[in-house]
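> Letter 41 of the sequence shown, counting from 1, is numbered 41 in the UniProt record's numbering, and no numbers are missing.
Quick reminder that beta carbons are idealized off the backbone N, C-alpha and C, glycines included.
On a predicted model such as this, the values are computed, not experimentally measured, just so you know.
One structure coming up, written as structure tokens, with questions to follow.
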Amino acid sequence: MFVLSSRYEGFPNVLLEAGACGVFALANDCKGGIREIIQEGINGEVADINQSEAFALKIKEALSENHNKQQIINSIHSRFSKDIIMNQYIAILRLF
1 MFVLSSRYEG FPNVLLEAGA CGVFALANDC KGGIREIIQE GINGEVADIN QSEAFALKIK
61 EALSENHNKQ QIINSIHSRF SKDIIMNQYI AILRLF
């Protein structure tokens, strides 16, 4: 399990790295790209770290569950692989 407790993130590559390794993530619900990466219940969960007891309970729950490692990997690879990102950049550049 990976816990991202940041209070602000731009685009947290560390969530991509955790997911690419098949690691379930719990992330603080802060500004940034967290909700673009986390698919709740599939590759992670998002919770408010200011609600410390609820956040701690989420950690405990996530640790007690079996997570499908391949499903986590697929959730990241299907949206953020090198080929997908490159194709998105190419599509943007073709607009100009």
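Helix, strand or coil: how does DSSP classify L4 here?
Strand.
> Spell out the partners DSSP gives E45 in its beta bridges.
Paired residue(s): L26.
> Rounded to whole angstroms, what is the Cα-Cα separation between F24 and P12?
F24 and P12: Cα-Cα distance of roughly 15 Å.
> Nearest CA to the CA of N74: which residue from I38, G32 and R7?
Nearest of I38, G32 and R7 to N74, Cα basis: I38.
> Quick one: give me the first and last residue of the alpha helix (DSSP H) that E36 is part of.
Run containing E36: I34 to I37, per the alpha helix (DSSP H) assignment.
> Taking Cβ positions, are L4 and A20 nearer each other than 8 Å?
No, the pair does not count as a contact, with Cβ atoms beyond the cut-off.
> If E45 and K58 are in contact, beta carbons under 8 Å, what's the gap, nearest whole angstrom?
Going by Cβ atoms, the distance from E45 to K58 rounds to 6 Å, so yes, they are a contact pair.
> Below 6 Å CB to CB, which residues in the same chain sit around D48 once its five sequence neighbours on both sides are set aside?
Excluding positions up to five away in sequence, the list reads D29.
> Which partner residues does E40 have in the DSSP bridge list?
According to DSSP, which records beta bridges pairwise, E40 is partnered with G44.
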